[in-house]
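**Q**
Chains as they are written, first to last, in this note's numbering: chain H, 1 to 374; chain W, 1001 to 1296; chain R, 2001 to 2291.
#1: For the candidate residues 1126/W, 1245/W, 1009/W, 1069/W, whose alpha-carbon lies nearest to that of residue 1055/W?
#2: Would you say residue 102/H faces chain R, with C-beta separation under 8 angstroms as the test?
#3: On the criterion of 16 or more Cβ atoms from any shown chain inside 10 Å, does residue 416/H qualify as buried, or is it exposed?
#4: Please report the straight-line C-alpha distance between residue 1090/W and residue 2271/R, rounded to a whole angstrom.
#5: DSSP three-state call for residue 1255/W: helix, strand or coil?
#6: Are the beta-carbon atoms belonging to residue 308/H and residue 360/H less than 8 angstroms from one another?
#7: Return the residue from the list 117/H, 70/H, 142/H, 34/H that minimises the CA-CA distance to residue 357/H.
#8: Tell me the DSSP bridge mates of residue 170/H?
#9: Kindly indicate if chain H contains any beta-carbon less than 8 angstroms away from that of residue 2256/R.
#10: Apply the 10 Å Cβ neighbour rule to residue 2175/R and answer buried if 16 or more other Cβ atoms are within range, or exposed otherwise.
#11: Give the secondary structure of residue 1052/W by DSSP, where H, G and I count as helix, E and B as strand, and everything else as coil.
#12: Rounded to the nearest angstrom, how far is the Cβ of residue 2194/R from that of residue 2076/R, given a contact under 8 angstroms?
#13: Tell me the rounded alpha-carbon separation between residue 117/H and residue 329/H.
#14: Closest to residue 1129/W by C-alpha separation, out of 1103/W, 1011/W, 1212/W, would be which residue?
#15: Candidates 1102/W, 1046/W, 1005/W, 1153/W: which alpha carbon is nearest residue 2265/R's?
#16: In the DSSP output, what is residue 346/H paired with across the bridge?
#17: May I ask you to report which of helix, strand or coil DSSP gives residue 351/H?
#18: How about residue 180/H: is its C-beta nearer than 8 angstroms to some C-beta of chain R?
#19: Any beta carbon of chain R sitting closer than 8 angstroms to that of residue 1234/W?
#20: Take residue 2115/R and list the residues in its own chain whose beta-carbon comes closer than 6 angstroms to its own, dropping the five residues that flank it on each side.
#21: Under the assumption that residue 31/H contacts residue 101/H (Cβ atoms under 8 angstroms), give the Cβ distance between them as a whole number of angstroms.
#22: Suppose contacts are defined by Cβ-Cβ distances below 8 angstroms. Is residue 1259/W in contact with residue 215/H by that definition?
#23: Do the region 132-150 of chain H and the region 167-186 of chain H meet, that is, are 3 or more Cβ pairs less than 8 angstroms apart?
#24: Do residue 1248/W and residue 1047/W have their CB atoms nearer than 8 angstroms?
#25: Nearest by alpha-carbon distance to residue 1228/W: which of 1023/W, 1281/W, 1150/W, 1166/W is it?
#26: Using a C-beta to C-beta distance shorter than 7 angstroms, which residues of chain H count as neighbours of residue 2199/R?
#27: Comparing the CB of residue 2155/R with every heavy atom of the ligand GTP, is any distance shorter than 7 angstroms?
#28: Residue 124/H lies in the alpha helix (DSSP H); which residues open and close that run?
#29: How far does the alpha helix (DSSP H) with residue 327/H in it reach, from first residue to last?
#30: Is residue 1196/W closer than 8 angstroms to residue 1082/W when the C-beta atoms are compared?
#31: Between residue 1021/W and chain H, is the shortest Cβ-Cβ distance under 8 angstroms, so that the two count as touching?
#32: Look at the alpha carbon of residue 1180/W and the alpha carbon of residue 1173/W, and state the distance between them as a whole number of angstroms.
#33: By the 10 Å Cβ neighbour count, where 16 or more other Cβ atoms means buried, how is residue 2168/R classified, buried or exposed?
#34: Residue 2071/R to residue 2189/R, Cα distance in whole Å?
#35: Do you know how far the Cα of residue 1059/W is from the Cα of residue 363/H?
#36: Find the residues of chain H that neighbour residue 1010/W, judging by a C-beta separation of less than 7 angstroms, and give them in chain order.
Next up, the structure:
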């Protein structure tokens, strides 16, 4: 009974905490930004670096003399849409945040973003790349370049430089990101007149890819086109080379490959991997150089694209929110963002509130991501 | 032909990995009739601790391996003390033990994530030197050979241990009937504890080998193998040690052959689980299991 | 006061909805658990119900209630067909067979076109209201309470205690098992349909292995022997992350660890689940029900 009392007490206290938080979010000193990342569960590897990137941005903005500060509220959706929904309701109705940045997963976004849209809270996705996200409504934005933008460019450049004629498509079929990436790859390959010899799939969390890669090897493709996230991508690259798929058969990936973890975990095998993405870590723009330096200093590890987009996302949301005094005004300010200088390049939103900046095609060379073909 | 040969090698290898994971799993089930769902978390922590010893403490893998295995064994003792022993007298200990082991698995995973981060990490390159052989178009690495050999060795040694040694005999006695064993003067609690020690040490060792081969260790890496491990011990016959290894091989081969025969991989897991389902219906005792306790 | 209530609902409405649906799912498992059968297939039944209801709504433009019933019916039929062969298995083996079934259902949902693959079935209207969930929950709970004291209920309890003895007493064991299993599947299917109409979409991951295990956790934590046990368990486990969020336990690994710790403490120190707390308050009433 005592134990239960304590639990009940905790529940009551927690409710109290949140009910007292009913105050206007738009004080002059601090903008409340809610961050919804997957810090535990299946997508924790990606949510963790997003949080780091966002924290770095908030820290730097708040350390700068003068100006409006950011009051960040970080929440974990545990990679589960249910908890994402709960977190959204809490942030929007309880904390009364001005803007939400997140969530990590596209699947979660599809369920949670309608809540924000209905009430009229601006959401800025910093990693959602699946279709049907910004279509949810006029309050939903993202700064993550979608696979639909990145992949056609990648395949075009790869075809030009490598003379691809026949390839194999290899993708994760139980994950929204990798599956929709594969759909784009398929369409683009067909449009470019490149033959798809076969399609192979894997499941999230797989570590052994040798059966599929053995099949792929026997078909002698010009390249392996791969829609995967880095946790699986490293294993694929590694095992492909181990099985004796020669380095002349390039492995071509999208946004999901764009992480230093690929080079770290796959080692030498990652040499020559072609990665089309939204961001190049070795870009020499001053903002990017500073970001990579600061991040590496703070976390003892170079940033990945998740961190970079989260960092840029904070700056974009801050830009829109610092002068606005209500939720509608923030949205209107977001739409007007044009040519904002970010580490992603000159940043604007498209008509459909998607990211509008130039994608890059890189290859791994000497243990670094460099622009492909240079 | 090369293609099929290579696929068979692949299946043999991944099957051995499943078998290694399942051996410890099945041991606890055979003795206690309880599924220890924290086995996957011990597997993960074994691998991560070995990594820590190599990377941070600067040990050679040959020293780190036994130390991390021992650590995993101690985790098993902890599991028994905290999650299983207090529930043993309860009527629903089968179900409640399942839940308390899940609770421990959550705690272990949280600890792993807190200490090592959520990202995949790997052993430094060159921790073990790997040779790659290309024989008649079939690729085999020395690590693969090592893992298959370890699995085979474990199967033999453990079987002998259970059948020949005093402790092994006591374990079998407890598995048959705790009451009878107690009456015969067997220290039942001690035997149960040592079963957990052995089981978890094996799980940890499997985690280290897994991490070494796949170059990727993460707090949730146990999750994807947990379900397959369950399938494997059913397939092999619950509680049977050779059965766990054979079940692992059968499961691994069924996965690989599905890919080889259909040429695509969409159905890989579906076929494996359908086979499991069919085996449960046709021969519920599994490939090598004792039949009596499973059917109504 | 009213304003505060509205505010509370605005913040916690979704938690309240999920508690209701998870409680329904927990009850669906409880039907079979009460007979000593552990099924790990109920998450898959919920998935079947959810997909079927969603498809009926989207492609056949059927009204909400009809779609829900259709979902429950599909789940029930599959439950019946599955139950006939697998219910002769016992204990962990039944659990494994149903688990394998669940995996096959999940993989089918990943690979089929009509279910929308990994991205899930999208465009389901958000029409499930809190009152609908709780009305259904109340109805189901009442049904379960009545069931307990019916002939079926006593048959199930006697089968849990000693199946052989029950058979000797002339209880048609297989028949009752299949009936219980099918009822459980239908309740799960109903809950799945409501879930699908709450979230705009359902995906294969909403009904995987770990969800199946969650249902068992709700039951054991809440207590399996009293009809409101599973409801309490579902409420606590579903609300736990929000409670921890509220008391300021940092997001991430620490919260996950505390979550696990609380689960462990409940299991170790409340042998009959949360329901036993209430049983102690009302010893007479509880005795009557557990006797």
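Ideal Cβ placement from N, Cα and C applies to all residues, glycine included.
**A** So, from the data block:
#1: In the second chain, the residue the question calls residue 1055/W occupies position 55. That would be 1126/W, whose Cα lies nearest to the Cα of residue 1055/W.
#2: Residue 102/H sits at position 102 when you count from the first residue of the first chain. Closer than 8 angstroms: no.
#3: Only positions 1 to 374 of chain H appear in this structure, which leaves residue 416/H out of reach.
#4: Translated into positions along the second chain, residue 1090/W becomes position 90. Translated into positions along the third chain, residue 2271/R becomes position 271. So the two alpha carbons sit approximately 8 angstroms from each other.
#5: On the second chain, residue 1255/W is found 255 positions in, with the first residue counted as 1. If DSSP states are grouped into helix, strand and coil, residue 1255/W belongs with the helices.
#6: Looking up residue 308/H in the first chain gives position 308. Looking up residue 360/H in the first chain gives position 360. Taking 8 angstroms as the Cβ cut-off, residue 308/H and residue 360/H do not qualify as a contacting pair.
#7: Mapped onto the first chain, residue 357/H falls at position 357. The shortest Cα separation from residue 357/H among 117/H, 70/H, 142/H, 34/H belongs to 142/H.
#8: As a working note, residue 170/H is residue 170 in the first chain. In the DSSP output, where bridge partners are listed per residue, residue 170/H has 200/H, 226/H.
#9: Stepping through the third chain from its first residue, residue 2256/R is reached at position 256. At least one chain H Cβ lies under 8 angstroms of residue 2256/R.
#10: For the purposes of this step, residue 2175/R is taken as the residue at position 175 of the third chain. It counts as exposed.
#11: As a working note, residue 1052/W is residue 52 in the second chain. In the structure shown, residue 1052/W sits in a helix (DSSP, three-state: H, G or I).
#12: Here residue 2194/R is taken as the residue at index 194 of the third chain, counted from 1. Here residue 2076/R is taken as the residue at index 76 of the third chain, counted from 1. Incorrect: roughly 16 angstroms between the Cβ atoms, too far for contact.
#13: Residue mapping note: residue 117/H aligns to position 117 of the first chain, counting from 1. Residue mapping note: residue 329/H aligns to position 329 of the first chain, counting from 1. Residue 117/H and residue 329/H: Cα-Cα distance of roughly 14 angstroms.
#14: As a working mapping, residue 1129/W is identified with position 129 in the second chain. Minimum Cα distance to residue 1129/W is reached at 1212/W.
#15: Counting from one through the third chain, the residue named residue 2265/R turns up at place 265. Closest by alpha carbon: 1102/W.
#16: Residue 346/H sits at position 346 when you count from the first residue of the first chain. Answer is 341/H, bridged to residue 346/H.
#17: As a first step, residue 351/H must be located in the first chain, where it is residue number 351. Coil, per DSSP.
#18: As a first step, residue 180/H must be located in the first chain, where it is residue number 180. Cβ-Cβ to chain R under 8 angstroms: yes for residue 180/H.
#19: Here residue 1234/W is taken as the residue at index 234 of the second chain, counted from 1. Chain R contact via Cβ: present.
#20: The residue you call residue 2115/R lines up with position 115 of the third chain. Excluding sequence neighbours, residue 2115/R sits near 2051, 2109, 2121.
#21: Locating residue 31/H in the first chain gives position 31, where the first residue counts as 1. Locating residue 101/H in the first chain gives position 101, where the first residue counts as 1. Wrong, their Cβ atoms sit about 12 angstroms apart, outside the cutoff.
#22: Numbered from its first residue, the second chain carries residue 1259/W at position 259. Numbered from its first residue, the first chain carries residue 215/H at position 215. In contact: residue 1259/W and residue 215/H (Cβ atoms closer than 8 angstroms).
#23: yes
#24: The residue you call residue 1248/W lines up with position 248 of the second chain. The residue you call residue 1047/W lines up with position 47 of the second chain. No, Cβ-Cβ distance for residue 1248/W and residue 1047/W is not below 8 angstroms.
#25: In the second chain, residue 1228/W corresponds to position 228, counting from 1. The shortest C-alpha to C-alpha distance from residue 1228/W to any of 1023/W, 1281/W, 1150/W, 1166/W is the one to 1023/W.
#26: Within the third chain, residue 2199/R is the residue found at index 199, counting from 1. What residue 2199/R touches in chain H: 81, 111.
#27: You won't find the ligand GTP in this model; it holds no ligand whatsoever.
#28: In the first chain, the residue the question calls residue 124/H occupies position 124. Unbroken run through residue 124/H is the beta strand (DSSP E), 122-125; no alpha helix (DSSP H).
#29: For the purposes of this step, residue 327/H is identified with residue 327 of the first chain, where counting begins at 1. Secondary structure note for residue 327/H: its alpha helix (DSSP H) is the uninterrupted segment 327-335.
#30: Locating residue 1082/W in the second chain gives position 82, counting from the first residue. Locating residue 1196/W in the second chain gives position 196, counting from the first residue. No, the Cβ-Cβ distance between residue 1082/W and residue 1196/W is not below 8 angstroms.
#31: The residue labelled residue 1021/W in the question sits at position 21 within the second chain. No, its Cβ sits nowhere closer than 8 angstroms to a Cβ of chain H.
#32: Taking the second chain and counting its residues from 1, the one referred to as residue 1180/W is at position 180. Taking the second chain and counting its residues from 1, the one referred to as residue 1173/W is at position 173. Taking the straight line from one Cα to the other gives about 8 angstroms.
#33: Position 168 of the third chain, counted from the first residue, corresponds to residue 2168/R. Exposed, because fewer than 16 other Cβ atoms sit within 10 Å of the Cβ of residue 2168/R.
#34: Locating residue 2071/R in the third chain gives position 71, counting from the first residue. Locating residue 2189/R in the third chain gives position 189, counting from the first residue. Going from the Cα of residue 2071/R to the Cα of residue 2189/R covers about 6 angstroms.
#35: Counting from 1 along the first chain, the entry for residue 363/H is found at position 363. Counting from 1 along the second chain, the entry for residue 1059/W is found at position 59. If you take the alpha carbons of residue 363/H and residue 1059/W, they lie about 35 angstroms apart.
#36: To locate residue 1010/W, count along the second chain from 1; it is residue 10. Here the neighbours are 210, 211, 214.
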